[in-house]
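Visitor: Below you'll find the structure I mean.
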Amino acid sequence: MSEIMEDGVSRRSVLKGSIAGAGALATTGILGAGTATEAHAAGKKVSVGSNQSDPAAKKNDAAWVAAAKKAGFDVKLNTVDHNTFQNQISSYLQGTPDDVFTWFAGYRMQFFASKKLATPIDDVWAKIGSQFTAGYKNASKGLDGKYYFVPTTWYPWAIMYRKSVFAAAGVDPKTIVTWADFLNACKTFKAKGITPIALGDKGGWEAMGTFDFINFRTNGFKFHMDLTAGRVKWTDPRVQKTFNNWKTMFPYQNTDTLDLDWNAAAQLVLQKTAAMQVMGAFHASIYTDPADLADLALFPFPEIEKANGREAVEAPIDGYMLSKGATKNAANAKGLAGFIGSTGYADAVLKVAPTALFANSKMPKPENAFARQQVELVQSCKYIAQFFDRDSRPDFASPIFSNAIQKFLGGGDSVAIAADLQKQWDALPSA
Amino acid sequence: MVTGKSSKVGARIAATILFVFSLVWLFPIFWTLLQSLRPYGDVLKHGSVSWPQHLNLQNYWTALVQSEMWKFFINSVEVAVPAVFITLFLASMVAFVVSRYSFKFNIALLMIFTAGNLLPPQLIFIPIFRLYLNIWVPGWINENNVLYDTQLGLVLINVAVQVGFATFVLSNYLKTIPKEISESALVDGASVWQHYYRVMLPLLRPALASLGVLMTTWIYNDFFWSVVLLKTGAKRPITAALSNLQGEFFTDYNLLAAGAVLAFIPTLVVFFTLRKQFVAGLTIGSTKG
Amino acid sequence: MSTNTSTAVAETPQRRRRRGNSFTAKDRAVIGGLVGFPTALHILLVWIPAILTITLSFCEWDGIGGIADIKWVGFRNYTQIFTLYADFGPALRNNILWLLALALVATPLGVILAYFIDKELKGTKFYQTAFYLPMVLSLAVTGIVWDYIFRNNGFVNAMLGADHPGHTISWFGDPHKNIWVVLGIASWRHIGYIMLLYLAGLKSVDPSLREAAAIDGAKEFATFRKVIFPSLRPVNVIIIVVTVIESLRAFDLVYVINRGKNGLQVLAVAVYENILGESARIGWGAALATILFVLCIGPIMLYLYQTFKADK
């Protein structure tokens, strides 16, 4: 009943939208221009599955959907909460997925492409390719060399802190370079009654960022990527070096790690009861007061082994893919993918999310100070990782590795945990 | 029984314990209610256990209008109401036949229904998912033309599972109705359908009412099926949609409290207004028969 | 259950024969439809899927490829689950703990409550409502409601003075504590359910039974144990079955609290994760579901036996 109603309403509003959007369509030069005559009759219908369920992200979606409407696309947005969306991606893609859906670059994308649950979009890239650097092009390809992904935004992981808290404790973040510097800073904070490091791992994925950093600072970027891909065994003694280095951080972490999600841990920094959090730049999203936001800054994760320096960073890329179902609506879906890759998309999102960073190289340099700091950080690095759950097999990262990390944080024996990880990796079906 | 002072004191002690116990029992619900009336900022500043500075309905407004929870209420109604009616209708038919006519398969049938209701839903999910992807439905139900991701599919699975329990309860209830009533109907030359529709169905009314109240609560509260059989967030019933309020990148606990309260208000209303039927529905199957 | 068999339709063979012959063709069709349609629906959507799942537990399948991709692997899924699957041990342990907690603590408490409330103390209605209320809430809502009590900055930690930010007591995060908290919550719901079932049972006990026992000078507890309890056998069986099935089917509560990880693993969540998680291992999920089924089938049979033995 209500579905019919909704449909009726959307069709009517499409008509209005398409009249306004008809002019814009010609100038933006979007793919699937062959169907321009259809666009006059009704907006080009595309369904989009989105995991942007929290209020801030919903605003981003609303902004670009409105821009897409002006460009002639009638986007039907299906928003599902973040956790459920990720967790059920497999059954979602096998069922009746939306034409276009939000997803992540890395092996997490390639896995589903290789299972033939995505539609290759080389023809889209033929049009938008000039707007992206080689790094993004590579990050958008499947294992078969075809394009499957349109990158939109990205953010780095680093150590987030409040300038006022560091100033009050007399710690200069610029002097924190080595692991010893870092632990010394931690000591200073602890002596002042401030929890040095806020860590929450209730969801099981949050602490993977810390693991990744310590691992590639300790053993190098290549080792890390080999480990996530299974080319090195978990029983390798170098893995223990990573765990042991992490243990030196334990006295400086909050004790209720497994009770807090990333948001609750970030609150500790916001409220100045903790000094730092190893987090993605979306840490900023809980800073609703502009004065607080101006106080927020970041510095790179410290060096552990001199040879590896601080040359690697995690900077996951978010974007969109076309489901296998999109073949039924290929022209429209690919047209929308082209729009998502264009500055039209980025401009719309930037208006509502000033700290956002875009993959499109034609976008101007960010004006926001915190955003600029993120760009500088990544430009200073030689290697970019996605994130453990994007670089590794999905059937390893989310069910197996996240449990292991929680066990480790709960005081488990790292040797036994590593042995168990390898045993479970070996039992995975061939990818 | 031992009479006198000691038993009176004993009764008073028992009453006191019972009273304290019941307050402890109600406290979590009261606490959630209190949280839902406080703004998030207030709690952030003073902690969740502090004298509330501001109490208002802002969270409810936000949940209902901004998070569009009212839409999910409609979804819940669209699933629960047809599911309950169909379940009761089908169950009453089976219960009628097995309790009024003697066939060899009666007991086997009741056993299948009763056991089926007790199976864990996880056991039947994979084939259901595949089956639903292969059942065609017209475009006005689902533009993808499959049963998966439709409220109709949700109604069907709830009916299929709950009809087991309902049949069992109703057949027990029918056993308590004197067979003479049936016999007089047969003497009057009523057909099977008339016997069912004109004679038995009206007699079943109290049992149907009780069971209906109980089933409405159960189906309304269902979480598993609505999470796994619907991919469209906007089609979800209220219980499953609550997780939309637990966004990953931002969590407002007081808003969530308002959402939780909103989600359980209808069940409380049903419970308090139809309490007698509710309790009767649950116990009818266990004590009568 | 079967306490009033006298009122049931106990038809003599003679009458059955007579009536069987008197059915018209239309009557027969109506009976077929009345029974056939609901039965077909139930079997199609419950029993056939159950059998298919059990079959799938002997296969390897990522669920993504077509049916042709299904590989038969015999008992390999089972051996892998028993030896390799890290969550299986904790899940099984938690399900058993769940069962023990409900059976040994919650169920007796529910029975005791029912007994007291049955004595018509003042405010019986209030008590009934208070204890039964949790049962009306969905488990998803229950998880949220209790989160406010036990979360790191929740009520309990504040009362204990353990709410210093970053150093709170981890009620839900500590894998050695969280299962006990969750069992408490599950009991909070279960006690009211049992109370209600038992209360209805007690009301149906013939008052003359109690009076007879009282005249005999039997002590209160002895009366209950020797006279009332045995006369409530059908209710007792239902309570046992409800307790076992609820313990084995536990899903929503832990799923809402922390998705059933880190000390809160249960079998139903393990099934869910393997079937619906980001990458499906249908074979493992099906095998876990089958294990769950095997555990459930015992109590189900007991229930069926108790319910239908008088009819046979």
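Residue numbers (my numbering), protein chains in the order written: chain A, -5 to 425; chain B, 739 to 1027; chain C, -6 to 305. Cβ atoms here follow ideal geometry from the backbone N, Cα and C, with glycine treated the same way.
Can you list, in chain order, the residues of its chain whose CB lies under 6 Å from that of GLY23 of chain A, leaving out five sequence neighbours each side?
Guide: Against the first sequence, residue 23 of chain A aligns to sequence position 29. Low per-residue confidence applies at GLY23 of chain A: pLDDT is 35, beneath 50, and the placement is therefore not dependable, though the value from the model is reported in the following sentence. Nothing listed; no residue qualifies.
Visitor: Less than 7 Å between C-beta atoms, sequence neighbours within five positions excluded: which residues of the same chain meet that for LYS350 of chain A?
Guide: The residue labelled residue 350 of chain A in the question sits at position 356 within the first sequence. It should be noted that the sequence gives Ala, not Lys, for residue 350 of chain A. Around ALA350 of chain A: THR147, VAL343 and LEU344.
Visitor: Please specify which runs of the beta strand (DSSP E), each continuous and at least 3 residues long, are wholly inside the segment 228 to 312 of chain A, giving them in chain order.
Guide: Complete beta strand (DSSP E) runs here, min 3: 268 to 274, 290 to 293 and 306 to 308.
Visitor: Establish whether the CB of GLY198 of chain A and some CB of chain C are separated by less than 8 Å.
Guide: Counting from 1 along the first sequence, the entry for residue 198 of chain A is found at position 204. GLY198 of chain A counts as touching chain C.
Visitor: Can you tell me whether MET357 of chain A is helix, strand or coil according to DSSP?
Guide: On the first sequence, position 363 is the one that residue 357 of chain A refers to. MET357 of chain A falls in the coil class under three-state DSSP.
Visitor: By the criterion of Cβ-Cβ separation under 8 Å, what are the contact partners of THR349 of chain A in chain B?
Guide: In the first sequence, residue 349 of chain A corresponds to position 355, counting from 1. Simply none; closest approach about 13 Å.
Visitor: Determine the burial state of ALA179 of chain C: buried for a count of at least 16 other Cβ atoms within 10 Å of its Cβ, exposed for fewer.
Guide: Position 186 of the third sequence, counted from the first residue, corresponds to residue 179 of chain C. Classification of ALA179 of chain C: buried, given that the 10 Å Cβ count is 16 or more.
Visitor: What are the boundary residues of the alpha helix (DSSP H) that includes ILE47 of chain C?
Guide: Here residue 47 of chain C refers to the residue found at position 54 when the third sequence is read from its first residue. Its alpha helix (DSSP H) spans residues 41 to 49.
Visitor: Go ahead and pull the three-state DSSP assignment for GLU881 of chain B.
Guide: Translated into the one-based positions of the second sequence, residue 881 of chain B becomes position 143. Here GLU881 of chain B sits in coil by DSSP.
Visitor: Rounded to the nearest angstrom, how far is the Cβ of GLY902 of chain B from that of GLY950 of chain B, given a contact under 8 Å?
Guide: Looking up residue 902 of chain B in the second sequence gives position 164. Looking up residue 950 of chain B in the second sequence gives position 212. Contact doesn't hold; Cβ gap of about 16 Å is too wide.
Visitor: So does the segment 391 to 400 of chain A actually touch the segment 266 to 279 of chain C, counting three or more Cβ pairs closer than 8 Å?
Guide: In short, these stretches touch, since the Cβ pair count reaches three.
Visitor: So, are the CB atoms of ILE919 of chain B and VAL937 of chain B less than 8 Å apart?
Guide: For this step, residue 919 of chain B is matched to residue 181 along the second sequence. For this step, residue 937 of chain B is matched to residue 199 along the second sequence. Yes.
Visitor: I need the DSSP call for GLU53 of chain C, collapsed to helix, strand or coil.
Guide: Here residue 53 of chain C is taken as the residue at index 60 of the third sequence, counted from 1. GLU53 of chain C falls in the strand class under three-state DSSP.
Visitor: Based on the DSSP output, what are the partners of MET315 of chain A in its beta bridges?
Guide: Start at 1 with the first residue of the first sequence, and residue 315 of chain A comes out as number 321. Answer is A:PHE95 and A:PHE143, bridged to MET315 of chain A.
Visitor: Can you pull the chain B neighbours of TRP40 of chain C, defined as C-beta to C-beta under 8 Å?
Guide: Within the third sequence, numbered from 1, the residue matching residue 40 of chain C stands at position 47. Going along chain B in sequence order, the residues near TRP40 of chain C (Cβ under 8 Å) are ILE850 and GLY854.
Visitor: When the Cα atoms are used, what is the spatial distance from PHE339 of chain A to VAL346 of chain A?
Guide: Reading the first sequence from its first residue, position 345 is the one you call residue 339 of chain A. Reading the first sequence from its first residue, position 352 is the one you call residue 346 of chain A. At residue 339 of chain A the sequence reads Tyr, which differs from the Phe that was named. For TYR339 of chain A and VAL346 of chain A, the distance between alpha carbons rounds to 12 Å.
Visitor: Pull up the CB-CB distance for LEU848 of chain B and TYR870 of chain B, whole angstroms please, since I reckon it's below 8 Å.
Guide: Within the second sequence, the letter at position 110 stands for residue 848 of chain B. Within the second sequence, the letter at position 132 stands for residue 870 of chain B. That pair is no contact at about 28 Å.
Visitor: Excluding the 5 residues flanking GLU200 of chain A on each side, which residues of the same chain have their C-beta closer than 6 Å to its C-beta?
Guide: For the purposes of this step, residue 200 of chain A is taken as the residue at position 206 of the first sequence. Taken in chain order, the residues that qualify are GLY194 and TRP256.
Visitor: Looking at the secondary structure, which residues open and close the alpha helix (DSSP H) in which ASP220 of chain A lies?
Guide: As a first step, residue 220 of chain A is located in the first sequence; it is residue number 226 there, counting from the start. ASP220 of chain A -> alpha helix (DSSP H) spans 215 to 223.
Visitor: Taking the Cβ atom as the reference point for each residue, do ALA1018 of chain B and SER964 of chain B lie within a distance shorter than 8 Å?
Guide: For the purposes of this step, residue 1018 of chain B is taken as residue 280 along the second sequence, with counting starting at 1. For the purposes of this step, residue 964 of chain B is taken as residue 226 along the second sequence, with counting starting at 1. For ALA1018 of chain B and SER964 of chain B, no; Cβs fall outside 8 Å.
Visitor: Please state the DSSP three-state secondary structure of LYS969 of chain B.
Guide: Along the second sequence, one-based indexing puts residue 969 of chain B at 231. In this structure, LYS969 of chain B counts as coil in the three-state DSSP scheme.
Visitor: For a contact meaning CB atoms closer than 8 Å, what does ALA268 of chain A contact in chain C?
Guide: Residue 268 of chain A sits at position 274 when you count from the first residue of the first sequence. Within 8 Å Cβ-Cβ: PRO158 and GLY159.
Visitor: For MET152 of chain C, count neighbouring C-beta atoms within 10 Å of its own C-beta (all shown protein chains included) and say buried if the count is 16 or more, exposed if not.
Guide: Counted from its first residue, the third sequence places residue 152 of chain C at position 159. MET152 of chain C is exposed by the Cβ-count criterion.
Visitor: What does a CB cutoff of less than 7 Å around ALA327 of chain A pick up in its chain, not counting 5 residues either side in sequence?
Guide: Looking up residue 327 of chain A in the first sequence gives position 333. Once the five neighbours on either side are set aside, the close Cβ partners of ALA327 of chain A are VAL40, ASP93, VAL94, LEU316 and ALA320.
Visitor: Any beta-carbon of chain B closer than 8 Å to the one on ARG242 of chain C?
Guide: On the third sequence, residue 242 of chain C is found 249 positions in, with the first residue counted as 1. Answer yes: the Cβ-Cβ gap between ARG242 of chain C and chain B drops below 8 Å somewhere.
Visitor: Between the alpha carbons of VAL118 of chain A and TYR958 of chain B, how many angstroms are there, rounded?
Guide: By one-based count along the first sequence, residue 118 of chain A stands at place 124. By one-based count along the second sequence, residue 958 of chain B stands at place 220. Cα to Cα, the separation comes out at about 45 Å.
Visitor: Given a limit of 7 Å on CB to CB distance, which residues of the segment 877 to 894 of chain B reach chain A?
Guide: From the segment 877 to 894 of chain B, only TRP878, ASN882, VAL884, TYR886 and ASP887 have a Cβ closer than 7 Å to chain A.
Visitor: Along chain A, which residues have their Cβ under 7 Å away from the Cβ of THR970 of chain B?
Guide: The residue you call residue 970 of chain B lines up with position 232 of the second sequence. Chain A residues near THR970 of chain B: ASN72.
Visitor: State the DSSP-derived secondary structure class of GLY43 of chain A, mapped to helix, strand or coil.
Guide: On the first sequence, residue 43 of chain A is found 49 positions in, with the first residue counted as 1. The answer is strand: DSSP assigns GLY43 of chain A an E or B state.
Visitor: Under the DSSP definition of a beta bridge, which residues are partnered with ALA112 of chain A?
Guide: The count along the first sequence starts at 1 and reaches residue 112 of chain A at position 118. Note: ALA112 of chain A sits in a beta bridge opposite A:SER317.
Visitor: Give every residue of the same chain whose Cβ lies closer than 6 Å to the Cβ of ALA995 of chain B, excluding the five residues on either side of it in the sequence, and list them in chain order.
Guide: As a position in the second sequence, residue 995 of chain B is number 257, starting the count at 1. Closer than 6 Å at the Cβ level, and outside the excluded window around ALA995 of chain B, lie THR770, GLN773 and SER774.
Visitor: Is the shortest distance between the beta-carbon of SER163 of chain C and the beta-carbons of chain A less than 8 Å?
Guide: As a position in the third sequence, residue 163 of chain C is number 170, starting the count at 1. Taking Cβ atoms only, chain A reaches closer than 8 Å to SER163 of chain C, which makes this a yes.
Visitor: Taking DSSP's pairing of strands, which residues face ILE153 of chain A in a bridge?
Guide: Working through the first sequence from its first residue, we reach residue 153 of chain A at position 159. A:VAL272 and A:PHE293.
Visitor: Can you say whether PHE217 of chain A is buried or exposed, counting buried as having 16 or more other CB atoms within 10 angstroms of its CB?
Guide: The sequence position of residue 217 of chain A within the first sequence is 223, counting from 1. The residue in question, PHE217 of chain A, is buried, as its Cβ has 16 or more Cβ neighbours within 10 Å.
Visitor: Determine whether the beta carbon atoms of LEU281 of chain C and LEU260 of chain C lie at a separation below 8 Å.
Guide: As a first step, residue 281 of chain C must be located in the third sequence, where it is residue number 288. As a first step, residue 260 of chain C must be located in the third sequence, where it is residue number 267. Result yes, Cβ atoms of LEU281 of chain C and LEU260 of chain C sit closer than 8 Å.
Visitor: Under a CB-based cut-off of 8 Å, is SER85 of chain A close to chain B?
Guide: As a working mapping, residue 85 of chain A is identified with position 91 in the first sequence. Yes - at least one Cβ of chain B is within 8 Å of the one on SER85 of chain A.
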